[in-house]
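Student: Protein chains in written order, with this note's numbering: chain A, 36 to 413; chain B, 36 to 413.
Beta carbons: idealized from backbone N, C-alpha and C, even for Gly.
These numbers were taken from a predicted model, which means no experiment stands behind them.
For reference, the structure I am asking about is given below.
2 protein chains.
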Amino acid sequence: MARQTNPGRGRTSFRQSLTAVLDPGSTIGILGGGQLGRMLALAAARLGLKSHIFCPPGDNPGSHVCDRITLAEYDETAACETFAADVDVVTYEFENVPVACVERMAAQVAIRPGIDALRISQDRLVEKNFLAGLGVATAPFAAVDDAPMLAQAVAGIGLPAILKTRRLGYDGRGQVTLRTPPDVSGAWEQVGAAASILEGFVDFEREISIIAARGLDGAITCYDPPENIHANGILAVSRVPAQITNEIAQAAMTLTTHILNALDYVGVIGVEFFVLKNGTLAVNEFAPRVHNSGHWTLDACAISQFEQHIRAICGWPLGDAARHSDAEMHNLIGADAGQWAALASEPGACLHLYGKDAPRPGRKMGHVTRLFGKELHT
Amino acid sequence: MARQTNPGRGRTSFRQSLTAVLDPGSTIGILGGGQLGRMLALAAARLGLKSHIFCPPGDNPGSHVCDRITLAEYDETAACETFAADVDVVTYEFENVPVACVERMAAQVAIRPGIDALRISQDRLVEKNFLAGLGVATAPFAAVDDAPMLAQAVAGIGLPAILKTRRLGYDGRGQVTLRTPPDVSGAWEQVGAAASILEGFVDFEREISIIAARGLDGAITCYDPPENIHANGILAVSRVPAQITNEIAQAAMTLTTHILNALDYVGVIGVEFFVLKNGTLAVNEFAPRVHNSGHWTLDACAISQFEQHIRAICGWPLGDAARHSDAEMHNLIGADAGQWAALASEPGACLHLYGKDAPRPGRKMGHVTRLFGKELHT
């Protein structure tokens, strides 16, 4: 179980590495080669760190910008072990990495944000129960393991409600909205007869998120909360500042702090909140990773969420989360990316394209952040 | 001489490529794998472009972040041809790329900023004569091809003066300062008996530079001029705004425009100016590439000099060069990089490390840009 050592690099032992600060020149292991892994690798490079990405074969835009790549399935034991032996810390760009993969690597190298965060966020029911245990409000919910339980849940929660698979749902997939009683019949089959939860509708005024980081020393830093607009279950726009009071922003940060501390979390987290019409907050869900609603930090802050995550997982001090500009981020989804030339011509617009091959409908191809609200010198 | 085509990528012909806009997904060929090549590759990635770096074997930090790398000497014909056939445009990160290498590639692919800019900037005498031909003031200078010509040049220009080799000098190398007559004897041997020029001292008040870009369509955009402080012949600090009048800034931009147009330049240029005590300007030298005194644009502008260069050489519209923050950039040279942990703790400080192995004295290991002057929201 001893870590494979590389004498030429003067590596610390595995036990030491769990608390050590990683020096520049160290290698970040990233599970996942999508746009988040890509932007993490770019942020690591800015700090003089190398990246080694592990992902299954396919269109992996992260692979264009990393120092090393392992193309393998997450259940290939030998590939996992070789990867873990080559890197100084492992992080993940998405919450559906198989827990078994990460548990295997955890015997060799530090995993950050950690396995608990992964396990909890992979299952909507476990996540909701975890939040409830912290006293954090969510939408009303009930477990649904079969069609009779769905009927029972609908009776308890009422309509409208949303049936969501407990696992492997993202960007609106694996979800059915139930508005009237006829919608209920067949819904269980529509989610593939998979273990699910029924969530009641929340009468919200707006959606915000907290992008926060917790360091290896327990320090916590939050960016200003963006206000988020979704379309077809996918984030469309994030805007800072959100049209909320300081009290609401502070309350959302406090709840996020509870979550981070309960998980002994290290890294960046994205927590999605509903702001209810009565001014209270309910958590929608959290993602144990950099978050789409934090992409504006690349252009509007000295330290982006990606750099903040890299700093945290390397044991570095967290950076200043202040923003120097107001910002509005629009995702470029599917054919939207075809607007790149017009967007590149627009003053104050910061264009980001992810280098993906095929602009399939619903696929996040890039984003654009418009900076404004402060006088720009010329 | 036809370009090797790749039907899978729907490549345009070589003639077409000379005027075409490169789509996202195209590959930038970068000659040189140092920190400038690295930051160009990172900027290309942001726009969904791939990078292929060509450089001799060694410590090449650019290689950590590019999609493909060719390790070869610049005079290896086959490697040059294979590289040129693989990329959609070629650029260079330093002005001492052998002209023969670039001429060879120019038969296959567009070279930007172009061969003239390279040829002129490689030779201090040719550069000074080029500037004089445009009516641009420089320090007084004279060609020195042997020891008697040095004596003659000193008699004409006076002391103090600097003897500089015409070729392959940078960061103060290949230079001898002559303060008193005894310094003159032996100076010719000190520069290696290489073809040189003698430059008279310029009684300057401060040094500034213009970082400007010219697009494929001839459009020109300038960043605000930084004020630069050198130590031991190496840039130490760049600060924006410079303490100069608008008239001086405009005059420097106008001179830069003359240089760009005369070279039919495409890409970013760095032009170094002396601001004389009488308020006039003299050009010190220009670099046909992104420039160390423009590194602050990474953090203080929506579009950095690196992205601006990539936009220009791809035929994209130039970006907005406005800055959102005041900035002060300090180079981290040699052992300075050891301060990384303290710098990472400093609010408003943007740390950049280049991923180089060995912090040798005089070696540029990274830089830090402090943002200030605008109110930062928290």
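State the DSSP-derived secondary structure class of A:Asp123, mapped to helix, strand or coil.
Tutor: Correct three-state label for A:Asp123: coil.
Student: So if I threshold CB-CB distances at 7 Å, which residues from the segment 94–107 of chain B count as touching chain A?
Tutor: Listed by position, the residues of the segment 94–107 of chain B near chain A (Cβ gap below 7 Å) are His99, Val100, Asp102.
Student: DSSP state of A:Gln143, grouped into three classes?
Tutor: In this structure, A:Gln143 counts as coil in the three-state DSSP scheme.
Student: Once DSSP output is grouped into helix, strand and coil, what is the label at A:Gln210?
Tutor: In the structure shown, A:Gln210 sits in a strand (DSSP, three-state: E or B).
Student: Could you pull out every residue in the same chain whose Cβ sits closer than 6 Å to the Cβ of B:Val163, ignoring the five residues on either side in sequence?
Tutor: Reading off the sequence shown, one finds Lys at residue 163 of chain B, where the question assumed Val. Thr173, Phe176.
Student: How long is the line joining the alpha carbons of B:Leu238 and B:Leu311, rounded to whole angstroms?
Tutor: Contrary to the premise, residue 238 of chain B reads as Asp rather than Leu in this sequence. Taking the straight line joining both Cα atoms gives about 6 Å.
Student: Quick one: is A:Pro91 buried, meaning 16 or more other Cβ sit within 10 Å of its Cβ, or exposed?
Tutor: Exposed, because fewer than 16 other Cβ atoms sit within 10 Å of the Cβ of A:Pro91.
Student: Skipping 5 residues on each side, what residues in its chain have a beta carbon closer than 7 Å to that of A:Ala286?
Tutor: So the list reads Leu316, once near-sequence residues are dropped.
Student: Leaving out five residues on either side along the sequence, give the residues of the same chain with a beta carbon under 6 Å from the beta carbon of B:Ala107.
Tutor: Only Ala114 meet the Cβ criterion.
Student: Of all the alpha helix (DSSP H) runs that stay within the bounds of the segment 270–317 of chain B, which reach a length of 4 or more residues?
Tutor: Listed in chain order, they are 281–297.
Student: Taking DSSP's pairing of strands, which residues face A:Met364 in a bridge?
Tutor: In DSSP, A:Met364 forms a bridge with A:Ser273, A:Thr404.
Student: So the beta strand (DSSP E) B:Ala248 belongs to, where does it begin and stop?
Tutor: From DSSP, the beta strand (DSSP E) with B:Ala248 extends over 239–249.
Student: Measuring CA to CA, which of B:Arg201, B:Gly373, B:Leu71 is closest to B:Val161?
Tutor: Answer by Cα proximity: B:Arg201.
Student: Rank B:Asp252, B:Thr212, B:Ala357 by C-alpha distance to the C-alpha of B:Val56 and give the top, closest one.
Tutor: The shortest C-alpha separation from B:Val56 is found at B:Asp252.
Student: Give a yes or no on whether 8 Å exceeds the smallest Cβ distance from B:Pro352 to chain A.
Tutor: It does; some Cβ of chain A falls within 8 Å.
Student: Buried or exposed for A:Asn296, please, with buried defined as at least 16 other CB atoms from any protein chain shown within 10 angstroms of its CB.
Tutor: With fewer than 16 Cβ atoms within 10 Å of its Cβ, A:Asn296 is classed as exposed.
Student: Just to confirm, are A:Leu53 and A:Val125 a CB contact at a threshold of 8 Å?
Tutor: Going by C-beta atoms, A:Leu53 is not nearer than 8 Å to A:Val125.
Student: Which partner residues does B:Ile255 have in the DSSP bridge list?
Tutor: Its beta-bridge partners are B:Arg249.
Student: Could you confirm whether any beta carbon from chain A is found closer than 8 Å to the beta carbon of B:Leu367?
Tutor: Judged by the 8 Å Cβ criterion, B:Leu367 is not in contact with chain A.
Student: Return no unless some Cβ of chain A is closer than 8 Å to the Cβ of B:Arg346.
Tutor: Chain A contact via Cβ: present.
Student: List the residues that DSSP assigns as beta-bridge partners of B:Phe89.
Tutor: B:Leu66, B:Thr105.
Student: If you draw a straight line from the alpha carbon of B:Ala120 to that of A:Asn267, how long is it in whole angstroms?
Tutor: Taking the straight line from one Cα to the other gives about 43 Å.
Student: B:Ile368: buried (16+ other C-beta within 10 angstroms of its C-beta) or exposed?
Tutor: Classification for B:Ile368: buried.
Student: For A:Gly329 versus A:Tyr389, is the C-beta spacing smaller than 8 Å?
Tutor: Not a contact, by the Cβ cut-off of 8 Å.
Student: Mind pulling the chain B residues with CB within less than 7 Å of A:Asp355?
Tutor: Those within 7 Å of A:Asp355 in chain B are Pro382, Gly383.
Student: What three-state label does DSSP hand A:Phe18 in the structure shown?
Tutor: Outside the modelled stretch of chain A, which goes from 36 to 413, sits residue 18 of chain A, for which no answer is possible.
Student: Suppose you measure from the CA of A:Ala190 to the CA of A:Val303; what does that come to, to the nearest Å?
Tutor: Their backbone Cα atoms lie some 38 Å apart in a straight line.
Student: Taking C-beta pairs closer than 7 Å, name the residues in chain A that B:Tyr389 reaches, listed in chain order.
Tutor: By Cβ distance, chain A contributes Gly83.
Student: I'd like to confirm the pairing. Which residues does DSSP put opposite A:His344 in its beta bridges?
Tutor: Paired residues: none, contrary to the question.
Student: For A:Leu160, which three-state DSSP category applies?
Tutor: Looking at A:Leu160 - three-state DSSP - the assignment turns out to be helix.
Student: With a CB to CB cut of under 7 Å and the five nearest residues on each side skipped, what residues in its chain are close to B:Ile192?
Tutor: Pro175, Ala177, Leu233, Gly235, listed in sequence order.
Student: Who are the neighbours of A:Ser360 on chain B, taking C-beta pairs under 8 Å?
Tutor: By Cβ distance, chain B contributes His359.
Student: Over what stretch of residues does the alpha helix (DSSP H) that includes B:Ala188 continue unbroken?
Tutor: 182–192 is the span of the alpha helix (DSSP H), which, as asked, contains B:Ala188.
Student: On the DSSP bridge list, what partners appear for A:Arg324?
Tutor: In DSSP, A:Arg324 forms no bridge with anything.
Student: Kindly list the residues whose CB is nearer than 8 Å to the CB of A:Gln187, restricted to its own chain and excluding five residues on each side of it in sequence; keep chain order.
Tutor: If we look at A:Gln187 and ignore the five residues flanking it on each side, its Cβ neighbours are Ala177.
Student: What does the Cβ neighbour count give for A:Thr112, buried or exposed, with the cut at 16 atoms within 10 Å?
Tutor: That one is exposed.
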